[in-house]
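Here's the structure, in structure tokens; my notes come after.
Numbering (the working numbering), first residue to last: 3 to 281.
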């Protein structure tokens, strides 16, 4: 039996494929070796995943946020081998997972626009060139965490139009003190900030919201996509909830930068299933 996983900041999507080709979908919390100790990952796998799979797993292909190098990948590999000692485990970055889900064995520019953001040039096998995302403070342009950060700033600094500001206040009821505490003194501030992004979608008829999202997507292209070599010579694709829910604005922005067509997928797990079904 084979396990395929795509892990983001908040959740992990798994595909269990048995010898007859039957597929079972499983969800666990996000498994991030950059922010979680190995024992915490083991506990989540043992408690939530193993009861759904049982024994007999022979191959595991894990793609995840936080796998920025071999050392972080080894944390995931050791944790999975503790529960599935007979399995061959491969660990890869979420960016490579996005690229393989979008393009299979073909070259292209693969982008992630979710809680975080990323862009890379994929040669059909591996990442040929990448731009460091740098996280929501220094980078992550166009992501949910950065748009949430800017949206919250516009709210407290009275930049947001008054009607929307009233709606935002009613919907979230957040004080300046609470926002400062959640961002600067608690864990996972990126997830806290990203929760405000649906407000932009809910008010998408507003000129402010449309311009806000477009400006953030322009920054993503300018500071990431356009820095890739010969970027206009490749097809481009996007994965993530931000890309999915703001697809029209994203398509318009891609067109501005010279891309005739874009591929947008909310989650990569189905594409990864297809990728491994022909291996």
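For each residue, glycine too, the CB sits at the ideal point set by N, CA and C.
Along the chain, which unbroken stretches of the beta strand (DSSP E) at least 3 residues long are found entirely within the region 102-159? Annotation: the region 102-159 contains the following complete segments of the beta strand (DSSP E) (minimum length 3 residues), in chain order: 110-115, 119-124 and 129-133.
Whole-angstrom C-beta distance between residue 6 and residue 274, which should lie under 8 Å: Walking along the chain shown from the start, residue 274 turns up at place 272. Walking along the chain shown from the start, residue 6 turns up at place 4. Going by Cβ atoms, the distance from residue 274 to residue 6 rounds to 5 Å, so yes, they are a contact pair.
Cβ-based burial, residue 116 [other Cβ within 10 Å; buried from 16]: Along the chain shown, read from residue 1 onward, the residue named residue 116 stands at position 114. Residue 116 is buried by the Cβ-count criterion.
Look at the alpha carbon of residue 206 and the alpha carbon of residue 268, and state the distance between them as a whole number of angstroms. Reading the chain shown from its first residue, position 204 is the one you call residue 206. Reading the chain shown from its first residue, position 266 is the one you call residue 268. Roughly 19 Å separates the two Cα atoms.
Mind checking which residues open and close the alpha helix (DSSP H) that includes residue 273? The sequence position of residue 273 within the chain shown is 271, counting from 1. Here the alpha helix (DSSP H) through residue 273 covers 271-279.
Tell me which same chain residues have a C-beta within less than 7 Å of the C-beta of residue 199, skipping the five on either side of it? Taking the chain shown and counting its residues from 1, one reaches residue 199 at position 197. Once the five neighbours on either side are set aside, the close Cβ partners of residue 199 are 146, 149, 150 and 244.
Let me check understanding here. Comparing Cα to Cα, which of 101, 36, 61 and 21 lies closest to residue 71? Locating residue 71 in the chain shown gives position 69, counting from the first residue. Nearest C-alpha to residue 71: 36.
In the structure shown, what three-state DSSP assignment does residue 99 receive? Numbered from its first residue, the chain shown carries residue 99 at position 97. In this structure, residue 99 counts as helix in the three-state DSSP scheme.
Who pairs with residue 94 in a beta bridge, going by DSSP? In the chain shown, the residue the question calls residue 94 occupies position 92. Answer is 65.
For residue 241, does the three-state DSSP call read helix, strand or coil? If you number the chain shown from 1, residue 241 lands on position 239. Note: residue 241 maps to strand in three-state DSSP.
CA-to-CA distance, residue 189 to residue 10, given in whole angstroms: In the chain shown, the residue the question calls residue 10 occupies position 8. In the chain shown, the residue the question calls residue 189 occupies position 187. Using only the alpha carbons, I get a separation of about 16 Å.
Are residue 120 and residue 67 close, meaning C-beta to C-beta below 7 Å? On the chain shown, residue 120 is found 118 positions in, with the first residue counted as 1. On the chain shown, residue 67 is found 65 positions in, with the first residue counted as 1. Taking 7 Å as the Cβ cut-off, residue 120 and residue 67 do not qualify as a contacting pair.
On a CA-only basis, which of 247, 238, 249 and 278 is nearest residue 261? Give me that one, please. Residue 261 sits at position 259 when you count from the first residue of the chain shown. The residue with the shortest Cα to Cα distance from residue 261 is 238.
What are the partner residues of residue 9, as DSSP defines its beta bridges? On the chain shown, residue 9 is found 7 positions in, with the first residue counted as 1. Note: residue 9 sits in a beta bridge opposite 14 and 66.
Classify residue 102: buried if its beta carbon has 16 or more other beta carbons within 10 angstroms, exposed otherwise. For this step, residue 102 is matched to residue 100 along the chain shown. That one is buried.
Quick check: residue 100 and residue 78, are their CB atoms within less than 7 Å of each other? Here residue 100 refers to the residue found at position 98 of the chain shown. Here residue 78 refers to the residue found at position 76 of the chain shown. Their beta carbons are not under 7 Å apart, which means residue 100 does not touch residue 78 by this criterion.
Ignore the nearest five residues each way along the sequence and tell me which others in residue 126's own chain have a CB closer than 6 Å to its CB. Here residue 126 is taken as the residue at index 124 of the chain shown, counted from 1. Excluding five sequence positions before and after residue 126, the CB atoms of its chain that fall closer than 6 Å to its own CB belong to 107, 108 and 109, given in chain order.
Local Cβ density within 10 Å of residue 191, reported as buried at 16 or more and exposed below that: Looking up residue 191 in the chain shown gives position 189. Flag for residue 191 reads buried.
Simplified DSSP assignment, three categories, for residue 206: Counting from one through the chain shown, the residue named residue 206 turns up at place 204. Look at residue 206 here: in three-state DSSP terms it is coil, with no helix or strand label.
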